[in-house]
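Structure first, commentary second.
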Amino acid sequence: MTSLSFLAIVIFGLFSLSRLPVDLYPDIETNTIMVLTAYPGASASDIETNISRPLENSLNTVSNLKHITSRSSENLSLIQLEFEYGNDINELTNDVRDKLDMVKSQLPDNAETPIIFKFSSDMIPILILSVEAGESQQALYKILDDNVANPLARIPGVGTVSINGAPKREIQVYCDPAKLEAYNLTVEAIGAIIGAENRNIPGGSLDIGNETYALRVEGEFKDAREMESIVVGTVGGANVYLRDVARVVDTVEERTQEAYTNAIRGGTIIVQKQSGANSVNIAKQVLAKLPELQKNLPPDVKLGIIWDSSENILETIDSLTETVLYALLFVVLVVFLFLGRWRATLIISITIPLSLIASFVYLAITGNTINIVSLSSLSIAIGMVVDDAIVVLENVTTHIERGSAPSQAAIHGTNEVAISVVASTLTMIAVFFPLTMVTGMTGVLFKQLGWMMCVIMVVSTVAA
3 MTSLSFLAIV
13 IFGLFSLSRL
23 PVDLYPDIET
33 NTIMVLTAYP
43 GASASDIETN
53 ISRPLENSLN
63 TVSNLKHITS
73 RSSENLSLIQ
83 LEFEYGNDIN
93 ELTNDVRDKL
103 DMVKSQLPDN
113 AETPIIFKFS
123 SDMIPILILS
133 VEAGESQQAL
143 YKILDDNVAN
153 PLARIPGVGT
163 VSINGAPKRE
173 IQVYCDPAKL
183 EAYNLTVEAI
193 GAIIGAENRN
203 IPGGSLDIGN
213 ETYALRVEGE
223 FKDAREMESI
233 VVGTVGGANV
243 YLRDVARVVD
253 TVEERTQEAY
263 TNAIRGGTII
273 VQKQSGANSV
283 NIAKQVLAKL
293 PELQKNLPPD
303 VKLGIIWDSS
313 ENILETIDSL
323 TETVLYALLF
333 VVLVVFLFLG
343 RWRATLIISI
353 TIPLSLIASF
363 VYLAITGNTI
373 NIVSLSSLSI
383 AIGMVVDDAI
393 VVLENVTTHI
403 ERGSAPSQAA
413 IHGTNEVAIS
423 VVASTLTMIA
433 VFFPLTMVTG
443 MTGVLFKQLG
453 WMMCVIMVVS
463 TVAA
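Residues in the sequence shown are numbered from 3 upward in steps of one, following the working numbering.
The structure is reproduced here in structure tokens:
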């Protein structure tokens, strides 16, 4: 029965190990949420009066709030909320969103919808790609969005694919103030007319036999020159067209970022993963997809790799894995050096992988990853898990040397030192268990270490 139990632990442990995601750090979620609200054209004092204060008054009532600070500058309000550690950041985000919905009607009409930012280790990019472009520079954003960002976003586990530094097409309308005044028109009115004209409108459905066809009126402009023929008003019964009062330019929006690769202007693509996804596997899938995506791009657009987090993760994990294996080897050699018997050394050595493998079951159940903290825990535990086995084995061996049968020696020898072994294990647990109750960022980092050490020590005692 005991052998079957240990065999089950090994099977479940190895199965869990094969399914565990690999990452550099544990899943870290901070206790901070930021609310960003843009109000174009407003001064810092207007931002504070009309944006920051109403939002602060509403957000002050969010539960588990520790501190709230705001910063008002031209065109922008930034509110930072710091919460008590130990609360679900997703639930807190929902509470913040509810409070913002309640106060949204009090904000100025021209203010943009508040944007909520929460920070976690999942926001760290797993890949940063470079883009070089020549003749396609003006349409680069559209090209990358259609042919690179959207296909990559469909890869399982990929969270966000963002394009930075690439020119984005923009249709600019330059109105002549004198002509607007002459025709009694305003910029706001022209903007509203353009928005109303540039729309696709559903037209219902049409039944023909057994088939039903959806109808729509396509109003979106295919070419910027079509906008020049929009009717923006009438004077004396004659239509006033947009070309009569304004100039339409098909260009790119004003750029706040520039990206160069090998002195060639282009852009960057940042790939982030979903929460709990395997960073290494996702990076492999994205890199495998790039040659296929490159074929769909214009000849002058070239993709490259600026940073691949999977390389750093694998190097770190491989280094720690090597450390664990060396530690295992040295522990076995030291045990053999002092015991002087291969049979006893082999028996004790079996408890090491058994105890370590059991910790993988804990990682799988709790949704953790293989990272530098979990591997460091294994390295620390290797030297401790053999202590109980050595004590029990030596006492059993003493009984055998005195003439007891092996089965009787195992029973009596184990019973004699059972209390001492359990006390030793509880002492070690008393050292590491408090790590599971530490709060703050320290608790986020070391809680996994504390639980893994406790699990490993308990299993090693049972195995002994």
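For glycine and all other residues, C-beta sits at the position ideal for the given N, C-alpha and C.
- If you draw a straight line from the Cα of Ala198 to the Cα of Val160, it comes to about 36 angstroms.
- Between the alpha carbons of Asp252 and Val303 lies a distance of about 21 angstroms.
- Pairing Lys144 with Ile374, the inter-Cα distance amounts to about 40 angstroms.
- The beta-carbon distance between Phe448 and Val457, rounded to whole angstroms, is 15 angstroms. This is too long to meet the 8 angstroms contact definition.
- Shown here for Leu380: same chain residues with a beta carbon closer than 6 angstroms to its own, the five before and five after excluded, namely Val326 and Leu358 in chain order.
- The C-beta distance from Leu142 to Gly268 rounds to 7 angstroms, short enough to meet the 8 angstroms contact threshold.
- As the crow flies, the alpha-carbon of Leu16 is around 18 angstroms from that of Ile384.
- In this structure, DSSP gives Gln140 a helical state, which the three-state scheme calls helix.
- Contact between Leu437 and Gly452 holds: CB atoms are separated by about 3 angstroms, below the 8 angstroms threshold.
- Here Glu230 has Tyr243, Leu244, Arg245 and Val250 as same chain residues with Cβ atoms under 8 angstroms from its own Cβ, once five neighbours each way along the sequence are excluded.
- Annotation: Ile271 to Gln82 spans about 28 angstroms, alpha carbon to alpha carbon.
- Distance from the CA atom of Leu6 to the CA atom of Ser426, rounded to whole angstroms, is 26 angstroms.
- Just measuring C-alpha positions, the residue of Thr347, Ser312 and Leu322 sitting nearest Val333 is Thr347.
- In summary, Asp97 is buried, with 16 or more beta-carbon neighbours lying within 10 Å of its beta-carbon over all protein chains present.
- A direct Cα-Cα distance of roughly 21 angstroms separates Pro127 from Asp148.
- The shortest C-alpha to C-alpha distance from Val254 to any of Ile173, Val233, Ser79 and His414 is the one to Ile173.
- In the pairwise beta carbon analysis, the segment 93-108 is classified as touching the segment 64-75: at least three pairs are separated by under 8 angstroms.
- In the DSSP annotation of this structure, the continuous segment of the beta strand (DSSP E) that includes Val237 starts and ends at Val233 to Val237.
- In this structure, the alpha-carbon of Ala391 lies about 15 angstroms from that of Trp344.
- For Thr416 and Ile367, the gap between their C-alpha atoms comes out near 32 angstroms.
- In this model, Ser107 and Ile315 are separated by some 47 angstroms (Cα to Cα).
- Annotated three-state conformation of Tyr328 is helix, per DSSP.
- Following the DSSP letters along the chain, one finds Gly211 in no beta strand (DSSP E), marked with neither H nor E.
- The bridge partners DSSP lists for Glu134 are Gly268 and Lys304.
- Classified as exposed, Pro42 has fewer than 16 neighbouring CB atoms from the shown chains inside 10 Å of its CB.
- According to DSSP, Met36 shares a beta bridge with Gln82 and Phe119.
- For Gly452, the three-state secondary structure derived from DSSP is helix.
- In the displayed model, Tyr364 falls within a helix according to three-state DSSP.
- Between the alpha carbons of Ile372 and Pro293 lies a distance of about 30 angstroms.
- Collapsing the DSSP output to three states places Pro169 in coil.
- In the DSSP assignment, Val282 falls within the unbroken alpha helix (DSSP H) covering Ser281 to Lys297.
- Counting along the chain, Ser47 sits inside the alpha helix (DSSP H) bounded by residues Ala46 to Ile49.
- Ala285 is a Cβ neighbour of Ser311, given a cutoff of 8 angstroms.
- Residue pairing by DSSP puts His69 in a beta bridge opposite Glu84.
- Closest by C-alpha distance to Pro110, out of Met454, Lys120, Ser207 and Thr39, is Thr39.
- Around the beta carbon of Thr463, 16 or more other beta carbons sit within 10 angstroms, so the residue counts as buried.
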